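Quick notes on the structure that follows.
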Amino acid sequence: MVAIARRLDEALEMVKTTTFDIAVLDLKLGTEMTFPVADLLIELKKNFIFSTGFDEAELDGRYSQPVLEKPYDEARLVELTAWAS
-4 MVAIARRLDE ALEMVKTTTF DIAVLDLKLG TEMTFPVADL LIELKKNFIF STGFDEAELD
56 GRYSQPVLEK PYDEARLVEL TAWAS
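Structure follows, in C-alpha coordinates:
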(Lines of atoms letter the chains of each structure in order from A and count residues from 1; the text may use other names and numbers.)
(Lines give C-alpha, C1' and ligand atoms only; values in the text may rest on other atoms or scores of the structure.)
Protein backbone atom coordinates (compact mmCIF):
# COMPACT_ATOMS: atom_id res chain seq x y z
CA MET A 1 0.00 0.00 0.00
CA VAL A 2 1.17 3.49 -0.74
CA ALA A 3 -0.29 6.46 1.12
CA ILE A 4 0.54 10.09 0.43
CA ALA A 5 0.22 12.97 2.87
CA ARG A 6 0.29 16.49 1.53
CA ARG A 7 0.24 18.26 4.88
CA LEU A 8 2.03 17.76 8.18
CA ASP A 9 -1.18 17.01 10.10
CA GLU A 10 -2.12 14.36 7.53
CA ALA A 11 1.30 12.72 7.84
CA LEU A 12 1.11 12.65 11.64
CA GLU A 13 -2.36 11.09 11.51
CA MET A 14 -1.22 8.46 8.99
CA VAL A 15 1.70 7.45 11.19
CA LYS A 16 -0.67 7.02 14.13
CA THR A 17 -3.40 5.11 12.29
CA THR A 18 -1.85 3.24 9.35
CA THR A 19 0.02 -0.06 9.32
CA PHE A 20 3.14 0.12 7.16
CA ASP A 21 6.58 -1.43 6.76
CA ILE A 22 8.58 1.69 5.97
CA ALA A 23 7.97 5.37 5.37
CA VAL A 24 9.59 7.66 2.83
CA LEU A 25 9.39 11.04 4.50
CA ASP A 26 9.80 14.16 2.41
CA LEU A 27 11.80 16.69 4.38
CA LYS A 28 9.22 19.40 3.66
CA LEU A 29 5.49 19.19 3.16
CA GLY A 30 4.46 22.50 1.72
CA THR A 31 6.24 25.04 3.88
CA GLU A 32 6.52 22.83 6.96
CA MET A 33 9.50 20.72 7.98
CA THR A 34 8.53 17.13 8.78
CA PHE A 35 10.70 16.76 11.88
CA PRO A 36 7.63 16.13 14.11
CA VAL A 37 6.74 13.16 11.88
CA ALA A 38 10.32 11.86 12.03
CA ASP A 39 10.30 12.16 15.81
CA LEU A 40 7.02 10.22 16.02
CA LEU A 41 8.36 7.51 13.70
CA ILE A 42 11.42 7.14 15.92
CA GLU A 43 9.26 7.04 19.05
CA LEU A 44 7.14 4.28 17.49
CA LYS A 45 10.26 2.44 16.28
CA LYS A 46 9.17 2.64 12.64
CA ASN A 47 11.76 2.51 9.88
CA PHE A 48 11.92 5.45 7.52
CA ILE A 49 14.12 7.27 5.08
CA PHE A 50 14.13 10.95 4.24
CA SER A 51 13.57 12.24 0.75
CA THR A 52 14.53 15.74 -0.31
CA GLY A 53 15.51 17.95 -3.18
CA PHE A 54 17.16 20.26 -0.67
CA ASP A 55 20.62 20.11 0.85
CA GLU A 56 21.06 17.37 3.46
CA ALA A 57 22.38 20.11 5.76
CA GLU A 58 18.69 20.93 6.36
CA LEU A 59 18.66 17.83 8.59
CA ASP A 60 21.17 19.57 10.82
CA GLY A 61 22.66 16.28 12.02
CA ARG A 62 19.50 15.51 14.01
CA TYR A 63 18.78 12.14 12.42
CA SER A 64 20.78 9.11 11.35
CA GLN A 65 18.29 7.93 8.72
CA PRO A 66 19.55 7.85 5.14
CA VAL A 67 18.47 10.43 2.59
CA LEU A 68 17.07 9.73 -0.86
CA GLU A 69 17.88 12.76 -2.97
CA LYS A 70 15.54 14.06 -5.65
CA PRO A 71 15.42 13.38 -8.48
CA TYR A 72 15.24 9.74 -7.38
CA ASP A 73 17.70 7.19 -8.61
CA GLU A 74 15.94 3.81 -8.86
CA ALA A 75 18.97 1.85 -7.64
CA ARG A 76 19.32 4.10 -4.59
CA LEU A 77 15.59 3.79 -3.83
CA VAL A 78 15.85 -0.01 -3.91
CA GLU A 79 18.98 0.10 -1.73
CA LEU A 80 17.40 2.35 0.90
CA THR A 81 14.09 0.52 1.06
CA ALA A 82 16.01 -2.72 1.58
CA TRP A 83 17.97 -1.01 4.37
CA ALA A 84 14.79 0.19 6.04
CA SER A 85 12.94 -3.13 5.78
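As numbered in the working numbering, residues -4 to 80 make up the sequence shown, in order.
Think of the CB as a built atom: it goes at the ideal place given N, C-alpha and C, for glycine as much as any other residue.
Nothing here was measured: the structure is a model prediction, and the numbers come from that model.
{"Item": "Could you check how far apart the C-beta atoms of Leu7 and Val32 are, in whole angstroms? I think they sit under 8 Å.", "Value": "6 Å"}
{"Item": "Quick check on DSSP: helix, strand or coil for Ala79?", "Value": "helix"}
{"Item": "Looking at the unbroken beta strand (DSSP E) that takes in Leu20, where does it start and where does it end?", "Value": "Ile17 to Asp21"}
{"Item": "Could you say which of Leu20, Met28 and Leu36 lies nearest to Lys65 if we only look at CA atoms?", "Value": "Leu20"}
{"Item": "Determine which residues share a DSSP beta bridge with Leu7 and list them.", "Value": "Leu7 pairs with nothing; no bridge assigned."}
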